[in-house]
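Written out below as structure tokens is the structure these notes cover.
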Amino acid sequence: MEDRPQKAHHAKQAGTKAERKKAKTNKNQEKNNPKAFTFQNAGRAAKSARRNMDIGEKKLHVPQVDRTPIEAPPIVVAVVGPPGSGKTTLIKSLVKRYTKHNLTEIKGPITVVSGKKRRLTFMECSNDMNSMIDIAKIADLVLLMIDASFGFEMETFEFLNILQSHGFPKIMGVLTHLDKFKNNKTLRTTKKRLKHRFWTEIYQGAKLFYLSGVINGKYPNMEVQNLSRFISVMKFRPLVWRNTHPYMVADRVEDLTDPDLVHQNPKCDRSVTLYGYLRGTNLKNHMRVHIPGAGDHVIDDVSILPDPCPLPEKERKRLDEKAKLIYAPMSDVGGVMYDKDAVYINVPGNFTKKSALGVRGGEDGSDEESEEEEQQLPIQHGIGEKMVMSLQDAKTTLASQLEESDFQVFSSSAPIRATDITVPDESLEEDDTGRVRRRAIFGDEDEMDDEMDDDEEDEEEEDDMIDSEAESDDEDNHVPKRGEALSKYDTRNIPKKGDKDLVKDTDQDVVFADSDSDLGDDDAEEDMVIVDGRRKPTVPDLSDDAFSDADTSDEIEMDGEVAWKDNMAGRAENMFFANRRINLMSLIYNDLSVPAEKIASGDVDPNRKSGSKNSDAQEDDEEEDDDDDFFKVDSKNETEQPKEVIDSTKEGYEDVVLDEWDDEQVLNSIRNRFITGNLDDNQEGEENGENGDDEEEFGDFEDLETGEVVQTEPVEVKDPIQAERDAVAKRKAELKKKFDAEYDDDDEDGPKLDFYETKKEEISQQLMLNRAEFEDDDPQTRAMVEGFRPGYYVRILIKNMPCEFVENFDARYPVLLGGLLTSEEQFGFVQVRIKRHRWHRKILKTNDPLIFSMGWRRFQSIPIYSLNDGTRNRMLKYTPEHMHCLATFFGPIHTPNTGFCAVQRVSETGTSAFRISATGVVLDIDHSVEIVKKLKLTGYPYKVFKNTAFIRDMFTSALEVAKFEGANIRTVSGIRGQVKKHLPKPEGAFRATFEDKILMSDIVFLRAWYPIKPRKFYNPVTSLLLSSKTDWEGMRLTGQIRKDLNEHAPQKVDSIYKPIERKERRFNPLKISKSLQADLPFASKPKVLKKQKEQSYLAKRAVVLEPEEKKIYTLMQQIHTLKNEKTRKRKIKNTEKREQFMKKLAAIEEVTKVKQGERRKEFFRKEGKRVAHEEKAAQGKFKRAKKA
1 MEDRPQKAHH AKQAGTKAER KKAKTNKNQE KNNPKAFTFQ NAGRAAKSAR
51 RNMDIGEKKL HVPQVDRTPI EAPPIVVAVV GPPGSGKTTL IKSLVKRYTK
101 HNLTEIKGPI TVVSGKKRRL TFMECSNDMN SMIDIAKIAD LVLLMIDASF
151 GFEMETFEFL NILQSHGFPK IMGVLTHLDK FKNNKTLRTT KKRLKHRFWT
201 EIYQGAKLFY LSGVINGKYP NMEVQNLSRF ISVMKFRPLV WRNTHPYMVA
251 DRVEDLTDPD LVHQNPKCDR SVTLYGYLRG TNLKNHMRVH IPGAGDHVID
301 DVSILPDPCP LPEKERKRLD EKAKLIYAPM SDVGGVMYDK DAVYINVPGN
351 FTKKSALGVR GGEDGSDEES EEEEQQLPIQ HGIGEKMVMS LQDAKTTLAS
401 QLEESDFQVF SSSAPIRATD ITVPDESLEE DDTGRVRRRA IFGDEDEMDD
451 EMDDDEEDEE EEDDMIDSEA ESDDEDNHVP KRGEALSKYD TRNIPKKGDK
501 DLVKDTDQDV VFADSDSDLG DDDAEEDMVI VDGRRKPTVP DLSDDAFSDA
551 DTSDEIEMDG EVAWKDNMAG RAENMFFANR RINLMSLIYN DLSVPAEKIA
601 SGDVDPNRKS GSKNSDAQED DEEEDDDDDF FKVDSKNETE QPKEVIDSTK
651 EGYEDVVLDE WDDEQVLNSI RNRFITGNLD DNQEGEENGE NGDDEEEFGD
701 FEDLETGEVV QTEPVEVKDP IQAERDAVAK RKAELKKKFD AEYDDDDEDG
751 PKLDFYETKK EEISQQLMLN RAEFEDDDPQ TRAMVEGFRP GYYVRILIKN
801 MPCEFVENFD ARYPVLLGGL LTSEEQFGFV QVRIKRHRWH RKILKTNDPL
851 IFSMGWRRFQ SIPIYSLNDG TRNRMLKYTP EHMHCLATFF GPIHTPNTGF
901 CAVQRVSETG TSAFRISATG VVLDIDHSVE IVKKLKLTGY PYKVFKNTAF
951 IRDMFTSALE VAKFEGANIR TVSGIRGQVK KHLPKPEGAF RATFEDKILM
1001 SDIVFLRAWY PIKPRKFYNP VTSLLLSSKT DWEGMRLTGQ IRKDLNEHAP
1051 QKVDSIYKPI ERKERRFNPL KISKSLQADL PFASKPKVLK KQKEQSYLAK
1101 RAVVLEPEEK KIYTLMQQIH TLKNEKTRKR KIKNTEKREQ FMKKLAAIEE
1151 VTKVKQGERR KEFFRKEGKR VAHEEKAAQG KFKRAKKA
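Here the sequence shown stands for residues 1 to 1188, where the numbers follow full-length UniProt numbering.
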């Protein structure tokens, strides 16, 4: 029965339970009918397909290499907005949301852990132009604060234009001050209007959040939580500039200059260290960097520090409370600052027990309490204050208390006091070989154990004498002070052959940990000898007559107690070397002074150089790494090294073997094996045939690491014709493969990728190869070859920093350190495409200085504007309206397609005008730029012939005329000509020919082009060196200087407009011969009449009226006189009526004004009563609610 197999489980196929399961699996079966839910209209299907394709095309972009490391640096979240928009309140609310920490003051970057794999660095951006430009270059996400009660301000649009020039990172808008709207309809209208205006500047659908009123100094928790969720899921696309340059945002700055130097010369250059997370690409040591506001500098040293705000080590579903860290050293959060070798805790103020208890001394300086203070209630203190007060009450120090303390191991044993235990001190001694040996010096060496016999003591003394003789040969023993880094004394030399006495000094010493169990008894410590470079316990000779039976038994018992320590150092060293990875780079390029043991074990420092000391960063890294190990590798002295030592890792050769290579014939036999030899195939084949096969020439070789002998195989010499045929066949196969890949259908192998997917796949594969290339190397080698990777928290030392940077340092302004490429360190003429901003007040003028923000730099230069006419760059005096133009200026060279923005001044913080002057992009880099200016030379004819004329006042000498011989000229009327030979008199006159006869009144001009060279002016903006960061003044405009000096523009006499005096031209009458007049038609014949000298008859004849005409004329005069009189009387009556009407109207207006005043008073009286009633009612409700 026991061997019978158990019954297998069979699922139910019928029944209620089976039907329920079947219904659950077939829940959406009716929706899966493709014919029932397809398009019924072909037009609608085509429209849907087009829409899907449009959406897919909108998502496409130029694929960029995402060089973000696995452990990415914190994301920089910049909070930008005008003054009073709520920037500080938002940062405090977000920090409270992520870390539950209340910030009192915001200075510098604030880094928090926001998730299991994400950290955020918050930075508040002030409204000065320098800070806005710097923040725009490093921000990954921008929270744009907008005061909804006021609307958009100039700072918002200025920052958006700066972002557009430097990459345009992710932006989220935040509307604040919504609690000021009392009417919901007005609130909705304002939200909609601001949202659409925000979408116009960014893109349709940009995120816009709404934050209502402030509660207890912070925004509501639900609204902040909603914003934080969107921040946590935000994805960032790599920007071109940041994807090709390393940079760092300094979150802490320290001055390491010697105080004595500062005391002697307060204006001396300083040595400054900058701390922060690396971002962008890899940063190499001794790289040239630019600090915006402080100029170009060279990195002196870079060291990696422990991450002060690390991500959680263990992956969990949700973030643990302990992992919600915050790091803001400039804001003094927690008062903790990290250095490479220390942690500083800042305790603000002086805390004393007297101040905590509120005790005040009397006027005479006594500590007696007054009667009023005695009546006060006791002050409640926190846990931290109580602990500090208890420490202040201590009568003795902690060291003295430890000395007086005792410890009893067993109940029957005597208590052990701390003063009875002697801890060995360390001292370093150096022998002849340069090896440093660590001697343990005890406080009382003369006191020996009384239980040891005299013979044993004699043996130990002899051993000590032997060791002391071997160590006393070095007279220059250097004993460093306590606490001095041992890695500075790291020298180890390989002894030559035959130096048997020095063989024991070739291996590394292993020192025990500082504990009683590791140190053992004094006897065990003394009975240690050095064998093969290792310290081993001595084995007592049991056959020695000097030892008694009791002594022998005691010795054996003692050896049994420490049997587990036997060969402990050797086993530890073997484990240590077995776990170390062999560094191939160091094996190939190692220094000759590196011993064989270190090479074999892989313990080789790639940065090590002969006769040089390790850097401080390496010393500290070694010290920190050794702290956690049970055994420590001894530090060796590198201060003194012999220049030449034997490389014992290579096989030694006898002199007879080496003398063979002095023969010229032997050298010629292998000459063709090098690149400088004869590479002719035929000759090489002949030599191979003469000297034998390849196996004899190259020989077998042995792998020194594995010991495996690898035999070489003879290389087949192919026929040249066959080799050429094989090459042609290979090329044909490649062409056929390429043709098949382009035209054949790859559906059989899998889905066919388009160009976009193929490029993304290539980029991802290349990125994986780059990451896998250095994965097996140690961090030192990686840093030396590829630089320091982004994501590290580093300490960068920069020397020769101006003293003003330290003296005027302000944590509210960002300190950015951007790496420069090799091409960006050079200066030259940069040609850009520029456009004046449509909101700027004035057009830009040539040779007026502008401040450019290009790359990491902010500098002032003098541009020259021009337009390309196809054959030349024609200079413009002013920038054109609503179109681009070219600009050329002197400055640092940047790669083409680099964006920039320009402003006229960075010190205008209170101006109401738009501060961004122009934006553009770099086009070309050329050290010799050709810009020409139009030049017109005018002259006047003084002799005119048929097709020739003599011109003067165009040139001043015959040499100038000779220069322009053959040049084209023309008159104002359009007659073209050419310059011929010069004339002897007057000076500068010349003969010119024209296509027609010109007049004496014509003006002749010559159109030429004059080359213009831009000025070599480069003035970096050094705002961080000023005490007031917003007061930097570079080269000012002439108009600004006159405005500051309150001066008027000078007026030149020649520039004043003069009245134009034109002489009246007299034309000669046209004379036509009589024969020609006879042939002309009558209409064209000139009608020439003689001028009449006397008056004609009609003019002399008088007009006499008839009697009837006189009566008619008199009647008409009388009628007109009556009409004029009636008109005059009618006007007088109308004037009187109008005056009476105006009097009546004035009386009516006076009455109406009085009545309106009474109505207004009554309205405001009732309105005031209503408002007062509502306020009383609201106060009553509040009081009732409070009582309830």
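Idealized CB from N, CA, C, for every residue including glycine.
Can you have a look at residue i and say buried or exposed, based on whether 16 or more other CB atoms are within 10 angstroms of its CB?
{"i": "Ile326", "result": "buried"}
{"i": "Ala1172", "result": "exposed"}
{"i": "Val594", "result": "Confidence in Val594 is poor, its pLDDT being 48 and thus under 50, which makes the residue's placement unreliable; the coordinate value appears in the next sentence. That one is buried."}
{"i": "Gln13", "result": "exposed"}
{"i": "Arg188", "result": "exposed"}
{"i": "Gly108", "result": "buried"}
One question on the structure: do residue i and residue j come within less than 8 Å of each other, judged by their Cβ atoms?
{"i": "Thr190", "j": "Phe198", "result": "no"}
{"i": "Gln64", "j": "Arg237", "result": "yes"}
{"i": "Cys309", "j": "Cys803", "result": "no"}
{"i": "Ser861", "j": "Phe890", "result": "yes"}
{"i": "Gly818", "j": "Tyr275", "result": "no"}
{"i": "Phe955", "j": "Arg976", "result": "no"}
{"i": "Ile925", "j": "Ile893", "result": "yes"}
{"i": "Gly173", "j": "Leu208", "result": "yes"}
{"i": "Asn888", "j": "Phe829", "result": "The sequence shown places Thr at residue 888, rather than the Asn named in the question. The answer is yes: Cβ separation under 8 Å."}
{"i": "Ile843", "j": "Tyr878", "result": "yes"}
{"i": "Val794", "j": "Ile304", "result": "yes"}
{"i": "Val1021", "j": "Val922", "result": "no"}
Quick one: what does DSSP say residue i is sitting in, helix, strand or coil?
{"i": "Ala72", "result": "coil"}
{"i": "Gln826", "result": "coil"}
{"i": "Lys12", "result": "coil"}
{"i": "Val1004", "result": "strand"}
{"i": "Phe739", "result": "helix"}
{"i": "Tyr327", "result": "strand"}
{"i": "His478", "result": "Low confidence applies to His478: its pLDDT is 42, below 50, so where it sits in the model is not reliable enough to give any reading."}
{"i": "Trp1009", "result": "strand"}
{"i": "Val333", "result": "coil"}
{"i": "Ile893", "result": "coil"}
{"i": "Ala1172", "result": "helix"}
{"i": "Pro238", "result": "coil"}
{"i": "Phe900", "result": "strand"}
{"i": "Tyr940", "result": "strand"}
{"i": "Ser232", "result": "helix"}
{"i": "Ser1023", "result": "helix"}
{"i": "Ala727", "result": "helix"}
{"i": "Leu163", "result": "helix"}
Should residue i be counted as a contact of the ligand ZN given a C-beta to heavy atom distance under 7 Å?
{"i": "Phe994", "result": "The ligand ZN is not among the ligands present in this structure, which contains no ligands whatsoever."}
* Looking at C-beta atoms only, is the number of pairs between the stretch 165-181 and the stretch 132-141 that lie closer than 8 Å three or more? -> yes
* Asked: So, do the stretch 787-806 and the stretch 995-1012 have three or more beta carbon pairs nearer to each other than 8 Å?
  -> Counting Cβ pairs under 8 Å, fewer than three are found: no touch.
* To do: Any chance you could list the alpha helix (DSSP H) runs of at least 4 consecutive residues sitting entirely within the stretch 791-826, in chain order?
  => 803-807
* Completely contained alpha helix (DSSP H) runs for the stretch 1060-1110, where each covers 4 or more residues -> 1074-1079, 1097-1100
* At what residue ranges does the stretch 246-289 contain a whole run of the beta strand (DSSP E), taking only runs of 3 or more? -> 247-255, 270-279
* Just list the beta strand (DSSP E) runs in the stretch 64-130, keeping only unbroken ones of 3 residues or longer that don't cross its boundaries, in chain order. => 75-80, 110-113, 119-124
* **the stretch 106-122 / the stretch 303-317 touching (three or more Cβ pairs under 8 Å)** => yes
* Stretch pair the stretch 277-292 + the stretch 805-818: three plus CB contacts closer than 8 Å -> yes
* Sequence ranges, beta strand (DSSP E) only - wholly within the stretch 902-935, length at least 3 -> 916-925
* State whether the stretch 978-993 contacts the stretch 1012-1021, with contact taken as three or more CB pairs (one from each stretch) at a distance under 8 Å. => Output reads no: the stretch 1012-1021 does not touch the stretch 978-993.
* At a cut of 8 Å, does the stretch 72-82 reach the stretch 202-220 through at least three beta carbon pairs? -> no
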